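Residue numbers (my numbering): 1 to 292.
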């Protein structure tokens with residue numbers, strides 16, 4: 001029933017507002033420049049706007065930009081009133097394409113993905129979960145030294161491919177569970193993936209230390225504290241980048257095709273020309289006496 005309810009909501013599990021503000025306090029401003037926060041499943045934009053707002057209150061000197069993607073057109077409209085840029089489309093229509101979303105363009109990615117299986121299959125033929133795909137496809141969008149804040153169900157820590165990706169692409173990955181009173185609802189954990197770097201194969205012991213956290217009911221995972229155990233600097237992002245998607249429905253595609261149709265072009269008219277009856281013509285060979 002829990003999965004059915006999630007699907008009805010399009011796997012929309014918004015971050016509690018209090019937790020969104022708590023998460024922001026782990027990050028402090030760095031060098032002057034643009035700081036860009038992205039949300040892969042932005043919902044109504046509340047969590048990212050609170051996150052960016054708390055960061056801004058403690059900074060005041062950086063130009064802070066917020067961008068997001070939201071599949072639901074209704075929630076996307078709500079988010080547009082709170083954030084800088086919101087694309088009303090699927091994450092998979094943008095993230096895999098650097099021509100639509102530039103790589104190395106964001107200081108931090110806030111990632112609370114859908115909690116379900118995607119339609120994509122791995123080499124073994126099994127369906128891959130959204131949680132893994134959202135995390136792995138968002139990583140290239142982060143600048144070197146940037147961060148990813150990930151909220152997923154505790155049981156997804158058993159995904160060795162996901163854990164290997166985080167430990168290999170970031171300086172460290174620290175796991176907390178939601179505080180008491182929030183954890184019981186969906187069993188969510190927070191992963192701070194800190195300091196994106198060039199991929200380095202992680203050690204087996206490091207992987208097992210995280211995958212083993214699924215063997216318990218959350219009691220051995222430290223609850224997210226009110227005040228951060230540590231803080232990290234948010235790097236600046238490039239001033240220019242690309243983040244766009246032009247939606248097209250079938251009616252728009254038909255309309256666009258009318259402007260690029262081959263019909264009525266000179267080549268088409270020559271190829272389909274039919275000589276009117278009685279019109280003069282020039283024979284291929286000159287007429288001879290026998291033709292008269």
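Each residue gets a CB set at the ideal place from its N, CA and C atoms; glycine is no exception. Keep in mind that this is a model prediction, so the values were computed, not measured.
Beta bridge counterpart(s) of residue i as assigned by DSSP
i: residue 270; result: BP columns for residue 270 are empty, so no partner.
i: residue 68; result: 39, 86
i: residue 177; result: 189, 223
i: residue 147; result: 108
i: residue 127; result: 121
i: residue 153; result: 188
i: residue 216; result: DSSP lists no partner for residue 216.
i: residue 209; result: Residue 209 pairs with nothing; no bridge assigned.
i: residue 34; result: 63, 237
i: residue 293; result: As shown, the chain starts at 1 and ends at 292. That puts residue 293 outside it, with no answer to give.
i: residue 142; result: 106
Cα-Cα separation between residue i and residue j, rounded to whole angstroms
i: residue 7; j: residue 65; result: Here residue 7 scores only 43 on pLDDT, less than 50, and its place in the model should not be relied on; the value that follows carries that caveat. So the two alpha carbons sit approximately 31 Å from each other.
i: residue 208; j: residue 159; result: 11 Å
i: residue 274; j: residue 250; result: 34 Å
i: residue 165; j: residue 270; result: 58 Å
i: residue 12; j: residue 114; result: 6 Å
i: residue 123; j: residue 136; result: 16 Å
i: residue 134; j: residue 262; result: 41 Å
i: residue 79; j: residue 88; result: 10 Å
i: residue 148; j: residue 127; result: 24 Å
i: residue 39; j: residue 219; result: 29 Å
i: residue 15; j: residue 142; result: 21 Å
i: residue 178; j: residue 152; result: 10 Å
i: residue 117; j: residue 156; result: 11 Å
i: residue 5; j: residue 239; result: Its pLDDT being 46, under 50, residue 5 is placed unreliably in this model, and the coordinates cannot settle the point.
i: residue 26; j: residue 227; result: 8 Å
i: residue 34; j: residue 49; result: 16 Å
i: residue 94; j: residue 100; result: 6 Å
i: residue 321; j: residue 192; result: The requested residue 321 does not occur in the structure, where the chain is confined to residues 1 to 292.
i: residue 212; j: residue 187; result: 15 Å
i: residue 62; j: residue 36; result: 10 Å
i: residue 58; j: residue 21; result: 12 Å
i: residue 175; j: residue 214; result: 12 Å
i: residue 67; j: residue 76; result: 11 Å
i: residue 82; j: residue 272; result: 56 Å
Bounding residues of the beta strand (DSSP E) (the contiguous stretch that carries residue i)
i: residue 27; result: 27-29
i: residue 243; result: No beta strand (DSSP E) holds residue 243; DSSP gives it neither H nor E.
Exposed unless 16 or more other CB atoms sit within 10 angstroms - verdict on residue i
i: residue 130; result: buried
i: residue 224; result: buried
i: residue 121; result: exposed
i: residue 267; result: exposed
i: residue 139; result: buried
i: residue 19; result: buried
i: residue 198; result: exposed
i: residue 185; result: exposed
i: residue 44; result: buried
i: residue 70; result: buried
i: residue 91; result: buried
i: residue 280; result: exposed
i: residue 246; result: exposed
i: residue 103; result: exposed
i: residue 172; result: exposed
i: residue 1; result: Any answer about residue 1 is weak, because its pLDDT of 40 lies below 50 and its placement is not dependable; what the coordinates show is given next. It counts as exposed.
i: residue 144; result: exposed
i: residue 110; result: buried
i: residue 277; result: exposed
i: residue 74; result: exposed
Extent of the continuous alpha helix (DSSP H) to which residue i belongs
i: residue 50; result: 46-57
i: residue 74; result: 73-80
i: residue 233; result: Note, residue 233: premise wrong, no alpha helix (DSSP H); beta strand (DSSP E) at 232-234.
i: residue 22; result: 17-24
i: residue 103; result: First-last for residue 103: undefined, no H or E at that position.
i: residue 169; result: 160-169
Below-9 Å beta-carbon distance, residue i vs any chain C residue
i: residue 276; result: Any reference to chain C falls outside this structure, which holds one protein chain only.
Any non-hydrogen atom of the ligand GTP within 8 Å of residue i CB
i: residue 63; result: The ligand GTP is absent from the structure shown, which contains no ligand whatsoever.
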